[in-house]
Amino acid sequence: MTYLYKISKPENVTNSTPILFTMHGVGSNYYDLTMIPGEGEKDFVQIDVQGDRPYGSGFTYYVPDFSRQSEEEVINGTLKDLDTFFDETVKEEKLSFKQPRFFLGFSQGAILSLSYSLLYPEKSNGAVILSGRLPDYVAAEAAKKTVLDEQPSFFIGHGQFDPLFSLEVSRATKAFLESKGLEAAYHEYPTAHGVISSEVTDIRNWLHVQFKQ
1 MTYLYKISKP ENVTNSTPIL FTMHGVGSNY YDLTMIPGEG EKDFVQIDVQ GDRPYGSGFT
61 YYVPDFSRQS EEEVINGTLK DLDTFFDETV KEEKLSFKQP RFFLGFSQGA ILSLSYSLLY
121 PEKSNGAVIL SGRLPDYVAA EAAKKTVLDE QPSFFIGHGQ FDPLFSLEVS RATKAFLESK
181 GLEAAYHEYP TAHGVISSEV TDIRNWLHVQ FKQ
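So for the sequence shown, my numbering puts the first residue at 1; every next one is plus one.
Here it is in structure tokens:
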């Protein structure tokens, strides 16, 4: 599978310049999250990744139907494709594998950002998880993994009135991450399944701190 993407880069890119991959929700596209990390000229590389499967009026990374294949099979297959894409894009764009990598995802994109960071921790410095959830099988697999010297950090943002994934789901994700000794900045917002302006401010502040470390 191949993914369409759009990229923005600062004029000078070094081995310490962060790379931020964004992944949207079901039925959306790679424009959806572009402005959340920041506006105008940025001091990091941003790669907005579009799902490779048409879905509704937009795209999806996988069809959320687990009747023929298990959730584990579907998501793991998608993560494998994305992992290949991430590495190939770094090469194609003449970036460096030494650059820190971060992820920002909404809904399905949040599930993938969280799952990837836990199952491929050596390839993630952190992730912004917006209105997402932690699949049970990912938690089980991540619980077996050896703790690395440098673990990814997480920002979790969730709507108090989210009809798709309840607050209990989000709070359980926070509890799991903390049980693994992972940093999890947790925020609840007065919204449904979406992102509001105060959340964007918190995300940008969190990313700014992470990018400077």
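Ideal Cβ positions, reconstructed from N, Cα and C, are used throughout, including at glycine.
Rounded distance between the beta-carbons of residue 182 and residue 217, thought under 8 Å:
No answer is possible for residue 217: the residues shown for the chain start at 1 and end at 213.
Can the beta-carbon of residue 56 be found closer than 9 Å to that of residue 27?
Yes, the pair counts as a contact, with Cβ atoms nearer than the cut-off.
State the DSSP-derived secondary structure class of residue 45, mapped to helix, strand or coil.
DSSP places residue 45 in strand when its eight states are reduced to three.
Short of 7 Å in beta carbon distance, which residues of its chain neighbour residue 15, apart from the five on each side in sequence? Order them along the chain.
Only 96, 98, 99 meet the Cβ criterion.
Could you give the DSSP three-state label for residue 33: helix, strand or coil?
Note: residue 33 maps to coil in three-state DSSP.
Is it true that the CB of residue 170 sits closer than 9 Å to the CB of residue 109?
In this structure, residue 170 does not lie closer than 9 Å to residue 109 by Cβ.
Proximity below 9 Å, CB of residue 22 to CB of residue 103:
In this structure, the beta-carbon distance from residue 22 to residue 103 falls below 9 Å.
How long is the line joining the alpha carbons of residue 197 and residue 158, rounded to whole angstroms?
Going by the C-alpha atoms only, they are around 13 Å apart.
With distances taken Cα to Cα, identify the nearest neighbour of residue 114 among 53, 69, 177.
Among 53, 69, 177, the Cα nearest to that of residue 114 is on 177.
How far does the alpha helix (DSSP H) with residue 101 in it extend, from its first residue to its last?
Per DSSP, residue 101 lies in no alpha helix (DSSP H) segment; the continuous beta strand (DSSP E) that holds it begins and ends at 101-106.
Would you list the residues sitting across from residue 193 in a DSSP beta bridge?
Bridge partners of residue 193: none, in fact.
Residue 135 and residue 203 closer than 9 Å at C-beta:
Cβ atoms of residue 135 and residue 203: not closer than 9 Å.
Assuming contact is defined by CB atoms lying nearer than 9 Å, are residue 48 and residue 81 in contact in what I supplied?
Their beta carbons are not under 9 Å apart, which means residue 48 does not touch residue 81 by this criterion.
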